[in-house]
Each structure stands twice: as structure tokens, then as C-alpha cells.
Amino acid sequence: MEWSAWSYRNDLNMEHSFEENDEASEAFPIAYQTTYTTVISSATDLDWYKYTPTSSGIDRVTLTVPTGKNYDVFVFDSTMKQIAAGSNGTGVNENIIFEVNAGQVYYIEVVGVGGQFSTLTYGLTVNKLSISSTTTYQYDSNGNITGKTTVTTRQ
Ligand SMILES: [Ca+2]
Ligand SMILES: [Ca+2]
């Protein structure tokens, strides 16, 4: 067997990598802290995503929009009730927070306002907006506390 040189493709078309996802029933499953980059490819293209939080709390959805475009983002609970909306104006990224319950499915819809679309990509990210702190105590050889360290983490 011969090894050939590595080759790279520059023409990979990732534009439709999460399609078909034009309806909630076709929503593409996403994970926290991952940016999903794709396009609204036509005036009728809708992009649906879904995820299931493993812990209750406050989540944040960020949508970076193509220059000069107005895309909005909506969040729905498992009963398809809208619980959050990001509807900033043209060229402005969306950034919304909402309360989630563990084990429930949440749906996210990305739309081009008034049928806007672009060959330029948008980026969608979901993060947990939680703050946790851990305090560690230091002891001397007699077991007395000599100090403490508190580390606060915002995810
Ligand atoms: Ca779509
Ligand atoms: Ca918008």
C-alpha cells in the first residue's frame, strides 16, 4: 500500500450542512458552547435547531449576523410556545437569555427578516449562563485554617 500526499479541498460546501431543517420537526440537534455556522440560503429558508438542557438555569443564545443583514432568532419551549426573541435591527447581532428546565426540549429558529438571505454565514451559539464558585481552604499542620481560595467560574 502506498501513502499518498495529504490533499485538501477548498471547495467544501458547508452551506446546507444542517438541512433539511426548515421546520421544528426537522430541527438540527445542537450542543452547548459550539458555534454553528451556516447560511440562510433563500427567501424561504428557515433554520431550526433544538437542544435539551441537562440542568435548569439561564441559557444564552447568540446569533452573529452577516454584514448588512437583519436576521432574528426565536426560542420556543417543547410546547412550541415562544419564550424569547432577538429582533435587533440590520447588521446587529442577537443576544438573548431565557430560563430553561432540565430535560425539556428547546427549539431555536433563525430567520431572515422579510425574506432576507445571504451567501455570507451567520453563527449560532448556545451557552449556559451560570455562575458557580468553589472555595478551597488551606490548613496548617495542626488543622487550623490558614487561608482560603475562592474560584468563580462563569461558563
Ligand atoms: Ca433551513
Ligand atoms: Ca435582527
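Counting with this note's numbering, you get residues 12 to 166 for the letters of the sequence shown. The C-beta atom is built at its ideal place from N, Cα and C for all residues, glycine as well. Note that the structure is predicted; figures quoted are calculated from it, not measured.
Checklist entry - Is there at least one non-hydrogen atom of ligand 2 closer than 7 Å to the beta-carbon of residue 37? => result Result no, Cβ not under 7 Å from ligand 2.
Checklist entry - Quick one: what's got a C-beta closer than 8 Å to residue 149's C-beta in the same chain, skipping five residues either side? => result Excluding sequence neighbours, residue 149 sits near 156, 157, 158, 159 and 160.
Checklist entry - Once you ignore the five residues that flank residue 61 on each side, which residues in its own chain have a CB closer than 8 Å to its CB? => result Scanning its chain for C-beta atoms nearer than 8 Å, with the 5 sequence neighbours on each side dropped, one finds around residue 61 the residues 35, 38, 39, 40, 41, 116, 117, 118 and 119, in chain order.
Checklist entry - Roughly how many angstroms separate the alpha carbons of residue 163 and residue 63, rounded to a whole number? => result Each residue's alpha carbon lies about 25 Å from the other.
Checklist entry - Distance, Cα to Cα, residue 133 vs residue 93? => result Their Cα atoms are separated by approximately 22 Å.
Next on the checklist: Classify residue 24: buried if its beta carbon has 16 or more other beta carbons within 10 angstroms, exposed otherwise.
Outcome noted: Residue confidence for residue 24 is low, a pLDDT of 47 falling below 50, so the modelled location carries little weight and cannot support an answer.
Next on the checklist: Restricting to Cα atoms, I'd like to know which of 89, 101 and 29 is closest to residue 83.
Outcome noted: That would be 101, whose Cα lies nearest to the Cα of residue 83.
Item to check | Closer than 6 Å to ligand 1: residues, by C-beta to nearest heavy atom, in chain order | outcome: Answer in sequence order: 30, 32, 33, 56, 57 and 58.
Next on the checklist: Which of the three DSSP states is assigned to residue 95 in this structure?
Outcome noted: DSSP places residue 95 in strand when its eight states are reduced to three.
Item to check | Cross-strand partners of residue 74 (DSSP beta bridge) | outcome: Beta-bridge annotation (DSSP): residue 74 is paired with 105 and 135.
Checklist entry - Can you name the start and end residues of the beta strand (DSSP E) that residue 121 belongs to? => result Secondary structure note for residue 121: its beta strand (DSSP E) is the uninterrupted segment 117–123.
Next on the checklist: What does the alpha-carbon distance come out to for the pair residue 57 and residue 146?
Outcome noted: The straight-line gap separating the alpha-carbon atoms of residue 57 and residue 146 is approximately 46 Å.
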